[in-house]
Structures are given as C-alpha cells and as structure tokens.
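As given, the protein sequences belong to chains B and U, one line each in that order.
Everything in the first sequence is counted per the numbering used here, starting at 1 for the first residue and increasing by one.
Everything in the second sequence is counted per the numbering used here, starting at 1001 for the first residue and increasing by one.
First up is the structure itself, then whatever we jot down about it.
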Amino acid sequence: MSMDSRADQSDVHALQEQILELEKRALDELNSVRDLSRLEDLRIAYLGKKGLLTSIMKQLGNLAPEERPIVGRVANRVKSSLLEALEKAKERISSAEEPELEALDVTLPGREPPRGHLHPITQVQGEICKIFGRMGFRVVDGPDVELDYYNFEALNIPKDHPARDMQDTFYISENIVLRTHTSPMEVRVMEKQTPPVSIIAPGKVYRRDSDVSHTPMFHQVEGLLVDKGVTFGDLKGTLTSFVHQMFGRETGMRFRPSFFPFTEPSVELDIRCVICGGTGCRTCSFTGWIEILGAGMTDPEVYRFVGYDPEIYSGFAFGMGIERVTMLKHGIDDIQLFFKNDMRFSMQF
Amino acid sequence: MRVSLNWLKEYVQIDVEPRALADGLTMAGLEVEAMERLGHALDKVVAARIVSVERHSRADKLFVCHVDTGEREVQVISSAPNLAPGAVVPIALPGTRLPDGRVVKETKMVGEPSVGMLLAEDEMGLTDDHSGIMILPSVLAPGTPVASALNLKDWALDIALTPNRPDCASVLGIAREISAVTGQRLNKPEIKIEESTPPIETLTSVTIEDPLGCPRYAAGMIMGVELKPSPFWMRYRLHVSGIRSINNIVDVTNYVLLELGQPLHAFDYDRLKENRIVVRRAKRGERFTTLDGKTHTLSTNILMICDGKRPVALAGIMGGLNSEIFAGSKNVLIESAYFDPLTVRKGAKELGISTEASYRFERGVDFDGVIRALQRALMLISKLAGGKIAKGYIDEYPRPLETPSIDLRIDRTNRFLGTSISREKIAGFLQALEMQTGELEENLLRVKPPSFRVDLTREIDLIEEVARLEGYEKIPVTYPAIKPSEEGDAPEISVAERIAEIMVGFGFTEVISYSFISPTSADMLGVEKQSELRSFVKLLNPLSTEQSVMRTSLIPGLLASVKTNFSYGERSLKIFEVGKVFISQGAEKLPVEKRFLTALVTGLYEHKSWYGGERFADFYDIKGVAEGLLKAFGLDNFFFRADETTPWYRPGACSSIYVEGKVVGTVGQLSSLTLKRLEIDQDVFILEIDLASILDKARYARRFKPFAKFPGVVRDLSVVVGRDIQSARIEDIIKAEGGELVESAKLFDLYAGGKISSSEKALTFRICYRSRERTLDGREVNKLHEAIINKVCQQTGARLREA
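This is the structure we're talking about:
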C-alpha cells in the first residue's frame, strides 16, 4: 500500500454516505421482493463476492489505518442488517408460498406396523444372559432329556441320597431323566474344557410337581465359574452385581446358608420383597424376603468327577428360576399363566 | 420341623424378639419359613371355679353350670361330661374371639341363658383334645387370665431343614445352634433314673444278625406302668410339633424323638415271643402288618426287628400291630437304636412309608446319643406312668462308630472364603459347635466333630461351618477377574433368539408350550405309523396321559393355544414358538433333540380400519413369513415346491421349503379332516423350519456386492397360461433364457376371470435387464425379450395377453 493512495477526510464521509444509501436501497428492495429467485438475485447483487457492499468494503483498504475501523464498523453493521432482512424476506416468501390446505385430524389412529410380543420368559432370560454375558460368561446349550449321571451322580447326588427327595423327578428309564435343573451343564462343560471356565446355561427343566405355585416344566439359568483363586467373596460380588443390574441398585439382599449336594458352602440369595418392600405380604409369606437363587462354591467332589484338582482350582455355581424372576419383575401372581399362551396375557409384554 | 419357642427356651436363653430369633436362625442356615403366634387369642379367657352343675331340665345332654369368674357368678350351659363343682375351668366371656375365629356371645340354650362358654383344649387351639372341658390347676384363682398363668403365650417356628442337618431335627439340636450363634449356654435336659431290680439281662436279650444294617441296638425296660393320657404340657408340645397324642407311653417316645432327635419304639414286653429281640433282614415274601393296620409284603432289603419267633417292627420305620402298646400293657421294652441310614432309606422307599423315625434314621442320628435318649424316655415314663425301671440296659454295639479327624488349614480356609479370620476365632467357632480342636501347627487345626454331626467329614465341610458362624454377611464382597473365552455363545441359542426377534418384528407373538404332550396328538395330525413323529420319548411317571410323552412337533402346542384363545373369543392369531422336539432313539439312549421354529396364523391377517378393509389370512401370508425370515438370515437362495406328503396339510396347499437344494421346512394349510379332528372351525396356516438345517448357513457373513454401474431396462411380460402352470416355472424359463442379462424377474400381477377363460389365468412379470459391463441398447433388449416370450409360449403353451 503506497502512502499517496491515502484518502482524505472527505473520502471517508463519502464512503459512509455511499454505504448508508446502499443500505436504504437494499432494504427497500428486500422488503418488497415476492419470489425466492429474485431474492437470490438481490443477495448476489449486494452481498455476493462481487456485490455492491462487498466491493465497497474492499475499498476500506485505501483508507488511512486510523479511519478504517470507523468505516468498517458502519459497513459491518449494514452487512448484518442486510443479512437479517434477507432472512426475514426468505421466511415471508416461504410462508406465502405454503398453499392453504385442510388441517389433518391428527387424532386419527396411525397406520401401526404389525407388532408381536416376545414371551416374558424369553425376555427375562435374555436379560439375565446379557447381564452375565457382560461379566464374561458364555452361553452354552444342553439337552433337556438327560442322563441320571449328569443330573445327579456327577453332582454328588448318589442314588438313595436324601437330597434326591428335594427334587421330584420325571423318569424316562432307570438311567434317563428329564433334567430337574440346569446344573448338569456344569458337568458337561467341565468334562470338555479345562479351567478357566465361565459359562451360563439357560433352559427348560422339569419336576413332577403341579399345583397353584408349581408347573411341571419351568426355566432356569445356570452359571459356573472355575479358575485359580476364586473365592466365596467373588461369588457374593458376582451375584450382588447381578441383583443390582436386574432389580436396581437399592434392592436389599441377603446371602444365607443353605444346602446343595454339589456346592459347599451353599447359599440362597434373598432379595427384599419387591411387592411389599419388606413389611410382609402373601408373595413373601410374610417374611419380607424372596428367594431368587441358589448358589455355592463348587464341591470338591464334583471336581473329582471331571478331573479338576480342587487344591488348584476353585469356583462357584448358581442357578435361578426364570419364572420367579419374571413374576417379581412384572408382578405376575399366577405361574400357570406362562404356559397357557392366552393372548390376553402374552400381548401385555 | 415345627417347634415351640417356649420349649426351646428350656434349653437355651433367648433374649431377642421371636422375629429376630427367626432371622438369626435363617442366617445360620436353619431357614424359618413361617411363624405362628400361639395362645395370643386367649387374652380374654379366664379361670372360673364351678359352683354348681345341674342337668338341664329340658335337654338331658346339657348341663346348667354356675361358675365364679372372679368378678361375678354367671350361668353357662355346657354339654361336657367332666364338669364337677369345685373344678377350675377356662371360660370365654361374651365378646371373646376364639382361635378359630368364632366370637362368644350371650345366648339361650333350650330356654336357659348361657353367659359365655367353657372351653375344651381344642377350642383354645392348644391340643386336639375335645373329650371334655379343660381342667385347670385348682390353685388358679377365679378371674386369672389362663394364657399367662399357664405360660401358653408362645410361638411356633416352622424350620425348613436341609438334608445334611439331621442333628437339627430336634428341639435340642435347634437350641444347640442358637447357643453356638449367640454364645448362650446350652442346658441339656436332665436325666435321672431310679433303677430297681431285677437286672435287665434276666428279662430280655438282643441279638443283631445284621450288624451292617443295625450297628447299635439298646433296650431298656420298665415294669408295671399305668397307661393313661399324658399331662397337658406334654400333649401341648406334641400338638405344636404336629404329633398326635396316643397315651403316656407312646407320647414319651415321641416326645424324646422331638426333644433329642432319637427315634424310639415302645414294645409291649409281654407280647414279645420269648421276650427277646432279634434284628435281621426280612425273608423274601414275608408279610407284616404295621401298627397303622396296613399289611406289607417284604423283600430282603428290609431290616426287621423280631422277637423270638416273628417280626415285630420295620426297623427304623414303623412298629407292628402285634407288639404295640395297648390298654392292657403293663411291662414295656424301649428300643433305642442306630440303624444304617441307607438301609432305612431303601426300605422306607420300597415300602412307600415315611415317618418321623425314618426321616431321622435315613439322614443319620447321633450314634452316641442312643443311651441318653433311652434313659430320658425311661425317666419320663416312670414320671408319667409309674412303674419300675429294670436295672441297667442292653447295649449291643459290636463295632463302635467314630467321627473322623479332619485337618483344617487356616490359610486355605481364608483363601477359599476371601477372608482373614484368625486361627483363634476359627477354633472358637468350631468349639461352639461342640467340636474338639487339637492344635498341630500354626496353620493347622485337627478337628473332631461331635457324633451328631454326621455331615462333617471333610475339610470343606469345616470351612462351611466357619463361613456360617462368621456370618455370610461379613464375608467381603469381591469381584472375580473373569478371563475372556475363545468361544462365543452357543449358536443354537443365539440363532433361536434372533429368529424370535425377527418373528416379533413380523407381528407374531411368542408362545411357550409344555414339552410333554399326549401321544394321541399324533393321531390328531394323522401321522403315519412309521413316521419318526411317533418315536415318542415316554415318561415312566407322567402326571397325566395328556402330558405323558415328549413332543415330536411344536404343532400340537400351538393348536392348544389356538383353542385356548378361541375359547374366550380371540379368533385372529399370529403366534410362534421356538423350541425343542424329541425323537426317541430307544429307551436306553438319549433322544435326538431338534430345535424348530413353528409359526401359525389363523383368522384375520389384516383388521378393518378407517383406511382399509379386513382380510383373512391365507397360504401366501405364511409363505411370505417364511420368505422374509430366510431373507433376514441372508438365505436368498431358497425355493418352494409343492409337497404332497405331510398328512395334516390340505393336498395342494402345502409346500416344502428348499435352501440350497435341501428341505429346511414346510408351509401349509391344515386339511379340513385335520381341522375336524381338532374341532377347529377356521382355516389354519402353519410354517415349520428346522433350525439345525439353517444354522450353519445362517452363520456365514454376507458378502458385499458392488452396485450396478450401468442402467437397467425394464420390460413387462404378460401371458395367459393354463391354470395348472406354476409361476415359478415361467420365472425359471425367463432366467434360463435371459441368462446373466436378466437381473430379476418378478411376478407382479395375477388375473383370472373376466375375459380370461376359466381354465386359464393371466400372469404378468416385470423383468429387469442389465449388464455388468455396458449400457444395453434398446434393440438388444427387445430381441432378448422376444426370445424369452417365444420360449415361455413354446414350453408352457402360453400366449401373450392382449392389452
């Protein structure tokens, strides 16, 4: 920039005048324009790269450095006023272009896509598997019709053991039963795999028991962890995390001693009754607690059946009834409803 | 096991509220399933002294009594036969609510006013005795509240015992657990007997012929007893525990069973032939009548108690009719034995008998407690029935039993539990449970469990006891570091889940049916005799014939759901089940288990709405579901061919589904014969897919195909053909003749009637021609289209439809 190209005082005034005049003209035109293409022409004419305002602003360079900000401020103000007017014009034209149509009755029912319903048992089973899946348990599958060996013997329940009284069994033959729990999957997996083992096994189980609160078929999820150094504290942690995820962080719970032939120590896990909150009601038999699963540290005897060394490995197993969890979650008070397949029930979930 | 709290308090001090005690027991592994308040309804029942008793003038079975209730004298009418002036009896004054819910009112009985009610024991909920009005101790002043005076305010605790803890099947056993947990002293019941002559050896003998079945048999005797009802306190305790009172002798044996956990049996000594006892196995086919009057035919599995000639009891299970105590019994032989748990269990199971005695023997009683229980019983009998106890007792115990010594490692205990409990504390826990702990090393305790803890044989058993007494709640919560697995989830389950989700997306609702069905369901479907669908896995002990075989098809379950829903008026269904069927491979082998998807539609497929009419489901709805499902799994390479072999479908409305040339399922409409058999009056369409047949194919990842670069040309082909020509045949011709230039050929119009003759139909296909290498020019397409038309007409007898 050369010294002699500096504009004098009067140039500054002229330039300001010029800008203000341009603003007036542009605003008039913008306020009266009727269609969008003409509006676009105006935008280009004033604000485009080679537009009038743009070219004026380019002249600012010719002013003395102390004068530039004075004119610059004016130019910038005009620029934003034009941009604003442009937006307003655009809105005005667009809304004018909307044809007058009859209003829809938005309260008419929409065309709903067909929607089916997953059985609540399937939903809860999926949720349980997902929770344990996140912790690192892998889902395995096994037979419903099972050898006595897997269902009882290898779980440390020999023939003629009083613990067999705990489960009323459907027999197919002397050595074949309908599995009474999902626990046989523990043995089947351990037979095939060396530790570490972390599995869950969902599935149907069968017991010869049918009344208001029992169905002869129901669903369980079994879980098993075997590794070096697994402790009873780990069992508590894993199941505590499950209860928090399944029933909410505030759910009260307690681990209490129990007995299963294939775990020792054995526990049953109770949660605070979700119906009465612990004050006592029919659902919890007025105890304030509801049992949701059985668990325990796997008995060394079971490891011996599958050739694991209990001096090296330890672990825990758990099994829970899915119906029970589903009933608690959804407030279902009749277990028979699960297998009647009445749509008035199914379609609520 | 149901116990009275007041009874428990005799052996251990209990300072906490009943509910807190119940919680404590539960947390120690003795789960209190229920609690019942006893005697609390008797607050308004007071003692009254009978002033006079006169026969009712107009009803000779009623008595008019005047009683002094302390505040005033009232007249009460009663029918009880045991009323005498001077007796103190309980009276419920008007307004009292009795335990059974009745409220006592002032009434008139055959003209005589009756102010209140004199009560029998059963009316007060104390025992089941209704033989007369309860007679209270005469020291009770009239007006004294009965419940507090007799200490009847009590709680019954129902405790669910686990099979490993037979030692807790007694009041003392439970008291012992309370003592271990609370640190309160255990007060064992006193045993003090006064023996007389003659020595027992001169009266009887015991011979054990089967020492494996009966390791120990003790007997004691008491002569000259007086049989009568037991006193109230004993009848009350038996009643709370659910045992019926018989007479003072039998009641004592039951009382000691409840108190100490040792089953006893009382024989009428004079009815034992040769006055002696022999323990032996039953002879095969031997017959024996138990004291409940039932006659059993025995096998050699059964251990018997015999006298010199014949069996007199099923050992450990039940006594015999021929030697039981009866009204004339004078001399009593008490048996206190330790029978082998397995022997008793097998016997009881074989005979189908379960008693309080067999329950305890099966699980194992305290072999060191046999004599104590025997003497306790003799002491109580002599107190209740008089008589003289013979000197000494017989104790046949050829090979004394002993509990094992167990080494407990302190560090392993803590490592296993995730705790850091000191050796001293651990020893303290075990000692509280009456174990002997000798110290070996810093890290080792040598432990000897007491004789009643048959469940403690291994180190792990002791670790559990440590955890239990420390309290599970005190064991710190930690999280295991679970190592990632190299394998994924079982594909059978993940594919089943995906199918279910897709079906739900298609508007179908999932059902879950029982795995067992009726064998007649195969007849309902008209299944042929040799079909594998009749290879049922049969249950040996079904609940009913309706649920006696494992299903070989999911169809019966879905049809049951159809009937359920029809029964209340829902006649439009879209349902499915993903589940297993079971094909028997013979009774001694595990069956083949296959997962199927079975879907069913019936009734309206589309309901009437403001924007459209209703439409009933037809074959193409269920077929479309099959197509959509296969496509969702990326199995585009499927086709359908008419199937004539599935017996339950309507001929001509059934198709097999092929993927890569293999049958993976069927779709069809139930035949009218099938519907008639099932008593369903509406068309039903069914889809079945064998999951195994698509499992592997469904797991392959789809390959991406680049988009077509060159434009396609669309031409329609509209032909009139005979009605029997299947559309797939024309589609096949189009594709064969068009080669790779035909990108797709889709039927989009089907027309019959109108100008078309009744033996014909019009089909219109939209063909898209496209090359991968170049832009097709119109003439080339026209030429190819022409050739296709000619081929179609030539091979199917079709003609072009006139516009």
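Note that CB positions come from ideal geometry on N, CA and C, so glycine has one too.
The structure displayed is predicted, hence computed values, not measured ones.
Practice item. Run down chain U in chain order and give the residues with a C-beta less than 7 Å from the C-beta of V230/B. Key: Here residue 230/B refers to the residue found at position 230 when the first sequence is read from its first residue. Ordered by position in chain U, the residues that pass the 7 Å Cβ test against V230/B are P1480.
Exercise for review: May I ask you to list the residues that DSSP assigns as paired with M1550/U?
Suggested key: Residue numbering aside, residue 1550/U sits at position 550 when the second sequence is read from its first letter. Looking at the DSSP assignment, M1550/U forms a beta bridge with F1516/U.
**Study point:** Closer than 9 Å to chain U by CB, K236/B
**Key:** Position 236 of the first sequence, counted from the start, is the residue given in the question as residue 236/B. Answer yes: the Cβ-Cβ gap between K236/B and chain U drops below 9 Å somewhere.
Check your understanding: Hey, is R1801/U's beta-carbon within less than 9 Å of any beta-carbon in chain B?
Key -> Sequence index remark: in the second sequence, residue 1801/U carries index 801 (1-based). No - not a single Cβ of chain B is within 9 Å of the one on R1801/U.
Check your understanding: For M1117/U, which of R1165/U, A1357/U and D1068/U has the nearest alpha-carbon?
Key -> Sequence index remark: in the second sequence, residue 1117/U carries index 117 (1-based). If we check each option's Cα against that of M1117/U, D1068/U comes out closest.
Practice item. Using beta-carbon positions only, say whether D1340/U and F1452/U come within less than 9 Å of one another. Key: Position 340 of the second sequence, counted from the first residue, corresponds to residue 1340/U. Position 452 of the second sequence, counted from the first residue, corresponds to residue 1452/U. No, they are not a contact pair.
Check your understanding: Given that a residue counts as buried once 16 or more other Cβ atoms are within 10 Å of its Cβ, and exposed if not, what is M1/B?
Key -> On the first sequence, residue 1/B is found 1 positions in, with the first residue counted as 1. Per-residue confidence for M1/B stands at a pLDDT of 41, beneath the threshold of 50, marking its modelled position as unreliable; no derived number is given.
**Study point:** Nearest to I1421/U (by Cα), restricted to the options M1379/U, K1705/U and R1468/U
**Key:** Walking along the second sequence from the start, residue 1421/U turns up at place 421. Of the listed residues, the one whose Cα sits closest to I1421/U is R1468/U.
Check your understanding: Does any residue of chain B bring its CB to less than 9 Å from the CB of L1539/U?
Key -> Within the second sequence, the letter at position 539 stands for residue 1539/U. True, the Cβ-Cβ gap to chain B drops below 9 Å.
**Study point:** C-alpha gap between E996/U and C1768/U, whole angstroms
**Key:** This structure leaves residue 996/U out entirely; chain U is present only between 1001 and 1803.
Review point. Going straight from the alpha carbon of F1640/U to that of Y1605/U, what length do you get?
Key: The residue given as residue 1640/U occupies position 640 in the second sequence. The residue given as residue 1605/U occupies position 605 in the second sequence. Distance between the alpha carbons of F1640/U and Y1605/U is about 22 Å.
Point to revise | Any beta strand (DSSP E) of 3 or more consecutive residues that is wholly inside the region 1105–1137 of chain U | key: 1106–1109 and 1112–1115
**Study point:** Own chain, CB closer than 6 Å to R1715/U, minus 5 neighbours either side, in chain order
**Key:** On the second sequence, residue 1715/U is found 715 positions in, with the first residue counted as 1. Closer than 6 Å at the Cβ level, and outside the excluded window around R1715/U, lie I1767 and H1785.
Check your understanding: Are any of the Cβ atoms in chain U nearer than 9 Å to that of H117/B?
Key -> Numbered from its first residue, the first sequence carries residue 117/B at position 117. With 9 Å as the cut-off, H117/B counts as an interface residue toward chain U.
Check your understanding: Run through DSSP, which three-state label would V1663/U get?
Key -> For the purposes of this step, residue 1663/U is identified with residue 663 of the second sequence, where counting begins at 1. Reduced to three states, the DSSP call for V1663/U is strand.
Point to revise | As assigned by DSSP and simplified to three states, the class of K1538/U | key: What you label residue 1538/U is simply residue 538 of the second sequence in a count that begins at 1. It is a strand residue.
Review point. Closest to I1406/U by CA distance: which of N1782/U, V1312/U and T1437/U is it?
Key: Mapped onto the second sequence, residue 1406/U falls at position 406. When each option's Cα is compared against that of I1406/U, the closest is T1437/U.
Check your understanding: Among I1512/U, I1305/U and M1234/U, which one has its Cα closest to the Cα of K1273/U?
Key -> Residue mapping note: residue 1273/U aligns to position 273 of the second sequence, counting from 1. Nearest C-alpha to K1273/U: I1305/U.
Check your understanding: Given a threshold of 16 other Cβ atoms within 10 Å of its Cβ, counted over all protein chains shown, does H13/B qualify as buried or as exposed?
Key -> As a first step, residue 13/B is located in the first sequence; it is residue number 13 there, counting from the start. So H13/B ends up on the exposed side.
Review point. Span of the beta strand (DSSP E) holding C284/B?
Key: Your numbering for residue 284/B matches position 284 in the first sequence. That residue, C284/B, is in no beta strand (DSSP E); it is neither H nor E in DSSP.
Check your understanding: In three-state terms, what does DSSP make of Q1375/U?
Key -> Counting from one through the second sequence, the residue named residue 1375/U turns up at place 375. Correct three-state label for Q1375/U: helix.
Point to revise | Members of the region 1359–1372 of chain U that neighbour chain B once the beta carbon cut-off is set at 8 Å | key: Result list: E1362 and R1363.
Point to revise | 9 Å Cβ cutoff, D1268/U in contact with chain B | key: By one-based count along the second sequence, residue 1268/U stands at place 268. No, D1268/U does not count as interfacial toward chain B.
**Study point:** Three-state class that DSSP yields for C1654/U in the structure shown
**Key:** Sequence index remark: in the second sequence, residue 1654/U carries index 654 (1-based). Note: C1654/U maps to strand in three-state DSSP.
**Study point:** Listed by chain order, chain B residues near D1128/U by CB distance under 9 Å
**Key:** By one-based count along the second sequence, residue 1128/U stands at place 128. The premise fails here: D1128/U is roughly 25 Å from chain B at the closest Cβ pair, so nothing lies under 9 Å.
Review point. Taking one C-beta from the region 1467–1483 of chain U and one from the region 1514–1529 of chain U each time, how about it: are there three or more such pairs within less than 8 Å?
Key: no
Practice item. Quick one: which unbroken beta strand (DSSP E) runs of 3-plus residues sit fully inside the region 291–338 of chain B? Chain order, please. Key: 313–321
Practice item. Compare the C-alpha of S1727/U against each of G1739/U, P1711/U, R1703/U and A1762/U and name the closest. Key: What you label residue 1727/U is simply residue 727 of the second sequence in a count that begins at 1. Closest by alpha carbon: A1762/U.
Review point. DSSP three-state call for H1056/U: helix, strand or coil?
Key: Taking the first residue of the second sequence as 1, we reach residue 1056/U at position 56. The answer is coil: DSSP assigns H1056/U none of H, G, I, E or B.
Exercise for review: Work out the CA separation of L1374/U and V274/B for me, nearest whole Å.
Suggested key: Along the first sequence, one-based indexing puts residue 274/B at 274. Along the second sequence, one-based indexing puts residue 1374/U at 374. In a straight line, the C-alpha of V274/B is about 49 Å away from that of L1374/U.
Exercise for review: Mind checking the region 1335–1348 of chain U against chain B and listing, in chain order, the residues whose C-beta falls within less than 9 Å of any C-beta there?
Suggested key: In summary, the residues of the region 1335–1348 of chain U whose CB is separated from some CB of chain B by less than 9 Å are P1341, L1342, R1345 and K1346, in the order they occur in the chain.
Review point. So P1163/U and G1261/U are in contact, right, with Cβ under 8 Å, and what is the actual spacing, rounded?
Key: Within the second sequence, residue 1163/U is the residue found at index 163, counting from 1. Within the second sequence, residue 1261/U is the residue found at index 261, counting from 1. Actually they do not touch by this definition, with Cβ atoms about 14 Å apart.
**Study point:** Proximity below 9 Å, CB of E1112/U to CB of V1064/U
**Key:** As a position in the second sequence, residue 1112/U is number 112, starting the count at 1. As a position in the second sequence, residue 1064/U is number 64, starting the count at 1. Yes, they are a contact pair.
Review point. Going by the beta-carbon positions, is the gap between A1156/U and S1004/U smaller than 9 Å?
Key: Counting from one through the second sequence, the residue named residue 1156/U turns up at place 156. Counting from one through the second sequence, the residue named residue 1004/U turns up at place 4. For A1156/U and S1004/U, yes; Cβs fall inside 9 Å.
**Study point:** Beta-carbon separation (whole angstroms), T1295/U vs D234/B, contact threshold 8 Å
**Key:** Residue mapping note: residue 1295/U aligns to position 295 of the second sequence, counting from 1. Residue mapping note: residue 234/B aligns to position 234 of the first sequence, counting from 1. Not confirmed; about 57 Å, so no contact.
Exercise for review: Check whether the Cβ of D148/B lies closer than 9 Å to any Cβ atom in chain U.
Suggested key: Stepping through the first sequence from its first residue, residue 148/B is reached at position 148. No, D148/B lies away from the interface with chain U (no Cβ there is under 9 Å from its Cβ).
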